[in-house]
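Accompanying notes for the structure given below.
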Amino acid sequence: MDIASLLGLIFAIGLILVSILLGNAPFSAFIDIPSGLVVIGGAFAAALICFPMGSIMKSPVIALKVILNKGEDRLALIKSIVELAEVARRDGLLALESKIGEINNALVKTGLQMAVDGTAPEIVEEVLRTEVAGMAMRHREGKSIMDQLGRFAPAYGMIGTLMGLIMMLQDMSDPSGIGAGMAVALITTLYGAIVANVFFSPFAEKLGLMSRNEQLSMEIAIRGVMAIQSGESPRAIDQKLQTYLPAKQRELQ
């Protein structure tokens, strides 16, 4: 679980709720179901025009990854690659065939299986980088959905406000009700701003960060596989791969 994302959501929602409760207006004044329908329904309706149905259906799962994502331990990944390099150095590349089933990283497993099968290094690298490119494309689509929802929500909030103002101005016979009518009209704008800036836009940025982190881990895996296949020494592989880590996380021998 991503503690930072969870705490950010709790703090953002909590601050808004506390501010409402400390104000003079009753909490019920901030609840308006039609406004919520315009903002949420309108944003997703617009997203349906932009993206395939299947992608939109997956958006709740994509959003959930922001909270439930677990960052990969790159140091552990490097250590596992170095251990495999030691086996290959000691017993030969074919000795890795018995280790394939124990490898947790899918990219390392695919690359070493191809290497053991005698695939040319350039073909191995091409396949692995194609896998990375495919993953990056899928991630960009998920982030793009959140980005667009973050843009559409405030726009539909404004649409809802304009609708409310038009309905209010249709009947000006009771001046005392203008204030209440204006408040209800503005709720839609408030909903749009909250949904966009508490959920959609921050989620999009976190998805982008997660994608970049995963691509870095995959780059480490590719470099490791290629180094093992080329017969580099485990120490050289360790030193090469740890350059991808921040200085404080390195364990150079």
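Numbered per the numbering used here, the sequence shown spans residues -4 to 248. Think of the CB as a built atom: it goes at the ideal place given N, C-alpha and C, for glycine as much as any other residue.
Burial check for F198: the Cβ neighbour count within 10 Å reaches 16 or more, so the residue is buried. The C-beta of V103 has 16 or more other C-beta atoms within 10 Å across all chains shown, which makes the residue buried.
Boundaries of the alpha helix (DSSP H) around Y151: P116 to L164. Just measuring C-alpha positions, the residue of L185, S228, L204 and M141 sitting nearest I57 is M141.
Nearest C-alpha to V119 among Q224, M158 and S228: Q224. The beta carbon of V33 is closer than 6 Å to those of Y151, G155 and T183 in its chain, skipping five residues each way along the sequence.
Counting of Cβ neighbours within 10 angstroms places D86 among the exposed residues, the total staying below 16.
With distances taken between CA atoms, S206 lies nearest to E136 out of A83, E136, G37 and L4.
The residue from A20, E117 and H134 with its alpha-carbon nearest to that of G203 is H134.
Sequence-distant Cβ neighbours of L91 in its own chain, meaning closer than 7 Å and more than five residues away, are L79, V82, A83, L107 and V111. Linking F194 to G49 through their CA atoms gives a straight-line distance of about 21 Å.
Where M(-4) is concerned, there is no enclosing alpha helix (DSSP H), because DSSP gives it neither an H nor an E. I232 and G226 have their C-alpha atoms spaced approximately 10 Å apart. Relative to A148, the option among S0, A38 and L1 whose CA is nearest is A38. Boundaries of the alpha helix (DSSP H) harbouring V61: S54 to L63, taken from the DSSP string.
In summary, P55 is exposed, with fewer than 16 beta-carbon neighbours lying within 10 Å of its beta-carbon over all protein chains present.
In this structure, the beta-carbon distance from G18 to N208 does not fall below 8 Å. When C-alpha distances from L157 are compared across D166, M177 and G145, the shortest belongs to M177.
Nearest to L123 by alpha-carbon distance, out of S139, G145, D(-3) and N100, is N100. Close CB contacts of G31 within its chain, under the 8 Å cut and outside five residues either way in sequence, are with Y186 (chain order).
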